[in-house]
Amino acid sequence: MIRLALLTSLLVCTVTPALGQPPLRWGGDSEGGAPFVEADPADPSTMVGFDVEIAEHIAAQLGRPARFVQIAYASLDQSARRGDFDIGLSGIEDSAGRRASVAASVPYYEFREVITVREGDRDRFRSLADLRGRRVATLGGTMAYDLLLQAERDDGITAVSYDDDVHPYSDLLLGRVDAVLLDHVLAERAMRRNTGLVTHPEAVAVGHYIIIAAPEQTALRDRVDDILRAAMRDGTLERIFRKWGCWNEDQPALYARVLGAAATDPSATAPAGVPPGTVGRAWEALPRYLPSLLSAAVVTLVLSCAAMLLAVVLGVLIATGRVYGDPVTRAVLTVYVEVMRGTPVLLQLFVIYYGLAGVVRLPAFIAALVGLGLNYAAYESEIYRSALEAVPRGQLEAARVLGLTPLQTLRLVRAPQAFRLALAPMTNDFVALLKDSSLVSVLTVVELTKQTQIFATNIGSWLVPGLLCALLYLAMSLPLSHLARRLEDRWKVATP
Amino acid sequence: MIRLALLTSLLVCTVTPALGQPPLRWGGDSEGGAPFVEADPADPSTMVGFDVEIAEHIAAQLGRPARFVQIAYASLDQSARRGDFDIGLSGIEDSAGRRASVAASVPYYEFREVITVREGDRDRFRSLADLRGRRVATLGGTMAYDLLLQAERDDGITAVSYDDDVHPYSDLLLGRVDAVLLDHVLAERAMRRNTGLVTHPEAVAVGHYIIIAAPEQTALRDRVDDILRAAMRDGTLERIFRKWGCWNEDQPALYARVLGAAATDPSATAPAGVPPGTVGRAWEALPRYLPSLLSAAVVTLVLSCAAMLLAVVLGVLIATGRVYGDPVTRAVLTVYVEVMRGTPVLLQLFVIYYGLAGVVRLPAFIAALVGLGLNYAAYESEIYRSALEAVPRGQLEAARVLGLTPLQTLRLVRAPQAFRLALAPMTNDFVALLKDSSLVSVLTVVELTKQTQIFATNIGSWLVPGLLCALLYLAMSLPLSHLARRLEDRWKVATP
Amino acid sequence: MSATLRVRGLRLWRGDRQILAGIDLDASPGEVVALMGLSGSGKTTILRILAGLERADAGDIQVPKAGMVFQYHYLFEHLTAMENVCLAPMYVQRQTRAQAEARAGELLGELGVGHRADALPRELSGGEAQRVAIARALAVDPPLLLLDEPTASLDPARRNDLGDALKALAASGRTLLLTSHDDDFVRDFASRVVILAGGRMVEQGDPRQVLEYAQHEETRELLQVERQRKLGR
Amino acid sequence: MSATLRVRGLRLWRGDRQILAGIDLDASPGEVVALMGLSGSGKTTILRILAGLERADAGDIQVPKAGMVFQYHYLFEHLTAMENVCLAPMYVQRQTRAQAEARAGELLGELGVGHRADALPRELSGGEAQRVAIARALAVDPPLLLLDEPTASLDPARRNDLGDALKALAASGRTLLLTSHDDDFVRDFASRVVILAGGRMVEQGDPRQVLEYAQHEETRELLQVERQRKLGR
Ligand SMILES: Nc1ncnc2c1ncn2[C@@H]1O[C@H](COP(=O)(O)OP(=O)(O)OP(=O)(O)O)[C@@H](O)[C@H]1O
Ligand SMILES: Nc1ncnc2c1ncn2[C@@H]1O[C@H](COP(=O)(O)OP(=O)(O)OP(=O)(O)O)[C@@H](O)[C@H]1O
Ligand SMILES: [Mg+2]
Ligand SMILES: [Mg+2]
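Residue numbers (the working numbering), protein chains in the order written: chain A, 1 to 496; chain H, 1001 to 1496; chain F, 2001 to 2233; chain S, 3001 to 3233.
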């Protein structure tokens, strides 16, 4: 029956437009899914959803045919600026940052950010403050994520960002997170999909959906505002939202505010629950993401240092075995070095984490450490072997005629002199390991690169996160390079 | 109006089941989309699609309530074996390999693999043979992909694998590929979505959808077969497929064959167009994937060698500048080394490929080569610098009093002696570069790791592709290690 | 193991060159035996074989634990002079650092390089390095001491100091085997001289005897006896 | 630039040790000047300054293009003896390989190491390496040749051959400045001897004169004149 209404509205938009009018290109993300925008399962060439109907209503009012343009959710703002479409609507959240970078309409829907928990936790976890020390999930790049980042500082929760709105809830059921914060539209959809969950009706915050256009398209934006206001007055919006089961008592209040506010003052309609500028340009988002980036950098640093330590110790043992060992030991160690060095570390990490799971279930961080350590040990051992073999023979002969044992010779004469030769390549490897450690994100360890990705996905831009990530890596490697260079300079004095 | 019918069938399945009967868990992938399985946009907690209706029909006939279980398409076989669901259906293609690993029903739908091309190419490209030297796209992990891999050998086309069924067609419009081979259901969906495309009606091959169950569930499978046969006879299937617009004249012929064949001989209903075992266990798939893995390995090797060459040449220049240069040169080069070494190469690749696109539009391979080369040059230069500085001062003084210029000293005395010290770390770096070169897949270069991923995605398992990938990398690095070790041994004679 | 050295039929080829063609050599505690011979005649090679650094192709060797001073000092490049001398006493003989440093200080002082104790090898002059290397070998006080051209970089004064020190060592029961090109030094301080030529021992005996009245053509050539006569020395 | 060497007021400190305390030195073409002095007295340092390898703290230097033979030979470790000798003629003087090898073969032959032309430095005996290094320096035929202890590892016969070769070089108009601890060699082949002590030149003149009748306490100590008297030499 709802399909009938939809067909009617489709007819309207394909029949009414004046011939010769350019189509109204409207952008949205069909992966966002129902009730926003989704390909019609019965006819995937057409879209269904309340945003679709609103877009088509606007097109009809403008007397232009509607044409849908698929745009990834995270790219909507950029695409608007580039002019990939005329208007964009796809559950786009209002924010001061967005208002600063694109032309934004008045809000046409008010949503509540709500907390969903497992049924058993219904009374324990009623607010973000109850969730101190707990993991709270949400969809990245949304106002909800910004709220969680704030709560990380204020309430001591841990924010966990997902790329879709399904897994936060499934992981909630599995106990991987203890709550989900998302808007009530998505929460209701999830409640229908899953049993054993409960959503607290209280709003943690309130937000609004808006329509965006290229910054210079203020005239179009004003027309859209007029059409939206008219649709609020004449019940068109109410009819659409009712059809999609999204109508509630918040909307008339919103409409009253919008219709009451001066049309020339868009800030009057700015979202209520969120401080202005929380979702927005990257630099503004920076202070909120910096703490998590810094702690991810600490993970990277600790992991790299521990893995390097393991690699150095093992590398010394392997190199010693290859220089001093009997032929069998040497052959075995050579095979180890060639295999570990010659095959991808990613594969080795998988084998250690998943392949060995039957024998020993290593925690992700330990598996990452061991995997990187074992891999880099092969590289280090080659460096040490070569350095040991470059120590002049006379030095070893002198040690031998003095009666030093081979081990003493290694420790007191050979290794100290070889270390100088090994220092620069070792520093290289440590600096490379800092970056290589990002591979362990496949084992669910969140380190600097992964956190940068999360940041970038959430703000929809790579520029600032990438720059920051590079700076953080640099900040870790520079002191090391500096130290190595100073050691080298000190030893240079001893070059004959 | 179709929604009404759907509601009816939903009512049927929730009303008829006897109380106390365990639900029939049926697995499918709702991301597969319409007309197979898709979340109802009006009520995302329920699924719609012909596979949904068939599943619910089977549940109803079994007197059990139907419960949907979301399973990723690529994991359906494994999940069936693990018993995550009772029966699976989601446009699952029949194949001998699948029949060998799970319990498979009789086919319930026949599809045709068809070729779609741009309108202008309608007459040029009518068959795979017409597409020699062209890129042909499809969805990975399907019979169509297997057909394309065969055509790579037989018809000299290039198979391009996608993870979804939207981008093959959009890239076809953009000219990135010249044809798409997919089943007619997906092709028709795409034709509705895009204009400017044309699909040849002739079947390149014919395949079937089947229902799967855990291998030991033969009793359940036999019941399913009975229900399907009854549904073929009484027109239930016809009604369902007609509703979803998928009925055609191929189906009555299929049903006649299925109903005519001995119920005890499932091989009689094996797919016609595909040789048995083409989709199936990894070892069987190997021969088909080997050529593309080998040519991806060649890409890796050529890219790594070229990038290493660049890195060595630049590294020598930088090291020379840092050892012999004036303070300004040295400072500039030190900054270069620290920045390039200290920041992620992935970021550098992005900057070169996308960031510089405004200035110079480098082809992906060249950008990859330059990016890796510039990055590794920083590492190499540190190795050379340290090795140059380790050459005993007496050697340089001897050269100087003989009247050699600094450049001659470098070339004739210092570099040859330093090279020995640099060889092992350099070999390390080359071996690491072979693996690091996989990062360039972000620039759309398909090298060994990327190709391995494609292979793994298509056959749904990492074991064999991973092993093979490791072996190929090893096969590239071993000769190199061997050569380096022999050079070292030769030079060892010259150690004082 | 006694401190007596006994070598019979030592032979060594390098490629197709026969370096040692059957060397017989004895040395007892209290002796200072000097090996002389043309440059390239195999003196260093003999010492290296006795020290266990090289293998002979044939021959019978009875050799006590030997210390050695190399023709090129081979001081440990990363350690100071003092540390070079103390290393073996501390780690091989398990002396305390204080003990080792006291003895090392004495030795360096005797050899006239006490003031350079804190210098790294590369900061030493040729003669200083040579003397530190001698001190390093003396510090472990081995029953047999092999010295390869210990006087090469020493001025006459240091040479005599060294000669006196070696004589005193021999007198205390050590066996000393050294090579030298300096006939004055050998005449003054060796108790026996052995002349090598063509990979063989051609003559041996009391230095004054052998060096003044050389019997063999090779010895006379080595010492340039005719020329010295001619110059009236 | 003339082949005349002229040094005035050369001073050098290392840390707080004054190594050179004002050295004045002259040498003209045809001369073979020998520097003598206790080990550590600064002989090598003077040669290194003249070769431009070290900077003095004060002093006036007029020095022609100089070749140098190092106390430790510093042969190029990765090249054979022949290649060591040919390198500079080929790359500095742009001779053809054939020319350079012919001359190198002559030089190596004269110095008695022609048979070791294809050996790497580490395969040479001490004296052989020293002679190859001398050949390498002679091959470029510089107007001033600095030789740091060229006789240290040479047997008396080789020493005399070298002395003759140096004298011939001087006679052909080259200037030669060498250091040595070997008073016999200096007496036989140097045209002038300069005695260093305490960072200063204490005496110089005809070697027979200076070495036989040393005026200065330092010279007498260096040459151990009293001891030699006592021993009756
Ligand atoms: N590693 C080697 N390979 C080949 N030949 C060698 C090697 N080491 C030494 N020789 C040769 O063996 C011979 C003997 O060398 P050795 O060092 O024993 O001479 P030596 O008597 O000590 O000479 P010198 O007085 O010059 O030190 C020399 O001709 C030398 O070139
Ligand atoms: N790099 C250095 N740092 C500190 N002191 C040094 C350095 N090089 C040489 N010396 C000191 O300078 C002094 C003079 O050294 P030099 O090598 O010139 O002596 P020499 O006369 O050649 O001695 P020898 O006869 O032993 O070769 C020595 O005491 C030496 O220890
Ligand atoms: Mg020798
Ligand atoms: Mg000296």
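Even for Gly, the Cβ is constructed at its ideal location relative to N, Cα and C. Just so we're clear, the structure is a prediction, and the values are computed from it rather than from any experiment.
Q.
Between which two residues does the beta strand (DSSP E) holding A:GLU110 run?
A. For the purposes of this step, residue 110 of chain A is identified with residue 110 of the first sequence, where counting begins at 1. Here the beta strand (DSSP E) through A:GLU110 covers 109-118.
Q) Should S:GLU3149 be listed as close to ligand 4, given that the test is whether its C-beta is under 7 Å from any heavy atom? A) Here residue 3149 of chain S refers to the residue found at position 149 when the fourth sequence is read from its first residue. Relative to the non-hydrogen atoms of ligand 4, the Cβ of S:GLU3149 comes within a distance shorter than 7 Å of at least one.
Q.
Is the beta carbon of H:PHE1050 closer than 8 Å to that of H:PRO1065?
A. Along the second sequence, read from residue 1 onward, the residue named residue 1065 of chain H stands at position 65. Along the second sequence, read from residue 1 onward, the residue named residue 1050 of chain H stands at position 50. Not closer than 8 Å, so no.
Q: Please state if the CB of F:ARG2158 and the CB of F:GLY2112 are separated by a distance shorter than 8 Å.
A: Looking up residue 2112 of chain F in the third sequence gives position 112. Looking up residue 2158 of chain F in the third sequence gives position 158. Against a cut-off of 8 Å, the Cβ pair of F:ARG2158 and F:GLY2112 comes out as a contact.
(Q) Please report the distance separating the alpha-carbon of F:ILE2061 from that of A:LEU309. (A) Position 61 of the third sequence, counted from the start, is the residue given in the question as residue 2061 of chain F. Position 309 of the first sequence, counted from the start, is the residue given in the question as residue 309 of chain A. Cα to Cα, the separation comes out at about 47 Å.
Q) Who are the Cβ neighbours of S:THR3219 in its own chain at under 6 Å, not counting the five residues just before and after it? A) Position 219 of the fourth sequence, counted from the start, is the residue given in the question as residue 3219 of chain S. Around S:THR3219: ILE3195 and GLU3203.
Q.
Nearer than 7 Å: is that true of the beta carbon of S:SER3125 relative to any heavy atom of ligand 3?
A. Walking along the fourth sequence from the start, residue 3125 of chain S turns up at place 125. For ligand 3, at least one heavy atom lies less than 7 Å from the Cβ of S:SER3125.
Q: May I ask which residues mark the beginning and end of the alpha helix (DSSP H) holding F:ILE2061?
A: Indexing the third sequence from 1 puts residue 2061 of chain F at position 61. It is not in any alpha helix (DSSP H) - F:ILE2061 instead sits in the beta strand (DSSP E) that spans 2058-2062.
Q | Straight-line gap, S:ILE3049 to S:ARG3055 (C-alpha atoms, nearest Å) | A | Within the fourth sequence, numbered from 1, the residue matching residue 3049 of chain S stands at position 49. Within the fourth sequence, numbered from 1, the residue matching residue 3055 of chain S stands at position 55. Roughly 6 Å between the two C-alpha positions.
Q.
Using 8 Å as the threshold, is the C-beta distance between A:VAL316 and H:ARG1341 below it?
A. Residue 316 of chain A sits at position 316 when you count from the first residue of the first sequence. Residue 1341 of chain H sits at position 341 when you count from the first residue of the second sequence. Remark: C-beta atoms of A:VAL316 and H:ARG1341 do not approach each other more closely than 8 Å.
Q) Can you list the residues of chain H that S:VAL3092 reaches, using a CB-CB cut of under 9 Å? A) Numbered from 1 along the fourth sequence, position 92 holds the residue referred to as residue 3092 of chain S. Identification of chain H residues near S:VAL3092 by a Cβ-Cβ cut-off of 9 Å yields LEU1402, GLY1403, LEU1404, THR1405 and GLN1408, ordered along the chain.
Q) With a CB to CB cut of under 7 Å and the five nearest residues on each side skipped, what residues in its chain are close to A:VAL52? A) In the first sequence, counting from the first residue as 1, residue 52 of chain A sits at position 52. Cβ within range, chain order: VAL37.
Q.
Could you check whether the segment 2177-2196 of chain F touches the segment 2085-2103 of chain F, counting it as contact only if at least three pairs of C-beta atoms, one from each stretch, sit closer than 8 Å?
A. No, because fewer than three Cβ pairs between the segment 2177-2196 of chain F and the segment 2085-2103 of chain F fall closer than 8 Å, the two stretches do not touch.
Q.
When you measure from the CB of F:THR2219 to every non-hydrogen atom of ligand 1, does any distance come out below 7 Å?
A. Mapped onto the third sequence, residue 2219 of chain F falls at position 219. Not a single heavy atom of ligand 1 lies less than 7 Å from the C-beta of F:THR2219.
**Q.** Through-space distance from A:GLY83 to A:VAL102, alpha-carbon basis
**A.** Here the question's residue 102 of chain A lines up with position 102 in the first sequence. Here the question's residue 83 of chain A lines up with position 83 in the first sequence. A:VAL102 and A:GLY83: Cα-Cα distance of roughly 11 Å.
Q) For F:ASP2024 versus F:ARG2008, is the C-beta spacing smaller than 8 Å? A) By one-based count along the third sequence, residue 2024 of chain F stands at place 24. By one-based count along the third sequence, residue 2008 of chain F stands at place 8. If you check the CB distance, F:ASP2024 and F:ARG2008 come in under 8 Å.
Q: Go through its chain and collect everything with a Cβ distance to A:MET232's Cβ below 7 Å, but skip five positions before and after it.
A: By one-based count along the first sequence, residue 232 of chain A stands at place 232. Hits under 7 Å: TYR255, VAL258 and LEU259.
Q | Short CB-CB distance (under 8 Å) between H:LEU1412 and chain S | A | As a working note, residue 1412 of chain H is residue 412 in the second sequence. At least one CB atom of chain S sits nearer than 8 Å to the CB of H:LEU1412.
Q) Is any beta-carbon of chain F found at less than 8 Å from that of A:GLU488? A) Walking along the first sequence from the start, residue 488 of chain A turns up at place 488. For A:GLU488, not one C-beta of chain F is nearer than 8 Å to its own C-beta.
Q | For A:THR427, the residue or residues it bridges with in DSSP | A | Within the first sequence, numbered from 1, the residue matching residue 427 of chain A stands at position 427. Bridge pairing for A:THR427: absent [DSSP].
Q) Can we say the segment 2063-2073 of chain F touches the segment 2121-2134 of chain F, given the rule of at least three CB pairs closer than 8 Å? A) Contact holds: three or more Cβ-Cβ distances are below 8 Å.
Q) Do you know how far the Cα of H:ARG1135 is from the Cα of A:GLN348? A) Counting from one through the first sequence, the residue named residue 348 of chain A turns up at place 348. Counting from one through the second sequence, the residue named residue 1135 of chain H turns up at place 135. Looking at the two C-alpha atoms, the distance is approximately 34 Å.
Q) According to the Cβ coordinates, are A:ASP436 and A:LEU372 closer than 8 Å? A) As a first step, residue 436 of chain A is located in the first sequence; it is residue number 436 there, counting from the start. As a first step, residue 372 of chain A is located in the first sequence; it is residue number 372 there, counting from the start. It is a contact, given that the beta carbons lie within the stated cut-off.
Q) Taking 8 Å as the CB-CB cut-off, is S:SER3191 touching chain F? A) Taking the first residue of the fourth sequence as position 1, residue 3191 of chain S is located at position 191. Taking Cβ atoms only, chain F never reaches closer than 8 Å to S:SER3191, which makes this a no.
Q: Kindly list, in the order they appear in chain H, the residues whose Cβ is closer than 7 Å to that of S:MET3082.
A: On the fourth sequence, residue 3082 of chain S is found 82 positions in, with the first residue counted as 1. What S:MET3082 touches in chain H, judged by beta-carbon distance under 7 Å, is nothing: the nearest beta carbon there is about 15 Å away.
Q. Are the segment 1396-1405 of chain H and the segment 392-406 of chain A touching, with three or more C-beta to C-beta distances below 8 Å?
A. Because the criterion of three Cβ pairs below 8 Å is not met, the segment 1396-1405 of chain H and the segment 392-406 of chain A do not touch.
Q) When DSSP labels each residue in this structure, what does A:VAL15 get in the three-state scheme? A) Numbered from its first residue, the first sequence carries residue 15 of chain A at position 15. Interpretation of A:VAL15 is limited by its pLDDT of 34, a score under 50 that renders its predicted location unreliable; the figure taken from the coordinates is listed afterwards. Three-state DSSP puts A:VAL15 in a helix.
Q: Kindly indicate if chain H contains any beta-carbon less than 8 Å away from that of A:LEU347.
A: Translated into the one-based positions of the first sequence, residue 347 of chain A becomes position 347. For A:LEU347, the answer is yes, since a Cβ of chain H falls inside 8 Å of its Cβ.
Q: Drop a sphere of 10 angstroms on the beta-carbon of S:VAL3096, count the other beta-carbons inside from all chains shown, and report buried for 16 or more, exposed for fewer.
A: Taking the fourth sequence and counting its residues from 1, one reaches residue 3096 of chain S at position 96. For the sequence presented, residue 3096 of chain S should be read as Thr rather than Val. Residue burial annotation: S:THR3096 is exposed, with fewer than 16 other C-beta atoms found within 10 angstroms of its C-beta.
Q. Under a CB-based cut-off of 8 Å, is A:VAL198 close to chain H?
A. Stepping through the first sequence from its first residue, residue 198 of chain A is reached at position 198. Not one beta carbon of chain H lies nearer than 8 Å to the beta carbon of A:VAL198.
Q) Counting Cβ pairs, one atom from each stretch, are 3 or more of them under 8 Å apart for the segment 1222-1238 of chain H and the segment 1103-1117 of chain H? A) These segments touch.
Q) When the Cα atoms are used, what is the spatial distance from H:GLY1325 to H:ALA1319? A) Within the second sequence, residue 1325 of chain H is the residue found at index 325, counting from 1. Within the second sequence, residue 1319 of chain H is the residue found at index 319, counting from 1. Going by the C-alpha atoms only, they are around 9 Å apart.
(Q) On a Cα-Cα basis, can you pick out the residue from H:VAL1413, H:GLU1488, H:ALA1377 and H:PRO1022 that is closest to A:SER386? (A) Reading the first sequence from its first residue, position 386 is the one you call residue 386 of chain A. Taking only the C-alpha atoms, the option nearest A:SER386 is H:GLU1488.
Q) Which of the three DSSP states, helix, strand or coil, is assigned to H:HIS1208? A) Here the question's residue 1208 of chain H lines up with position 208 in the second sequence. Correct three-state label for H:HIS1208: strand.
Q.
Please determine whether the Cβ atom of S:ILE3134 lies at a distance below 7 Å from any heavy atom of ligand 1.
A. Mapped onto the fourth sequence, residue 3134 of chain S falls at position 134. Remark: the shortest separation between the CB of S:ILE3134 and any heavy atom of ligand 1 does not fall under 7 Å.
Q) ligand 3 heavy atoms versus the CB of S:GLN3204: any closer than 7 Å? A) On the fourth sequence, residue 3204 of chain S is found 204 positions in, with the first residue counted as 1. No, since every heavy atom of ligand 3 falls outside the 7 Å radius drawn around the Cβ of S:GLN3204.
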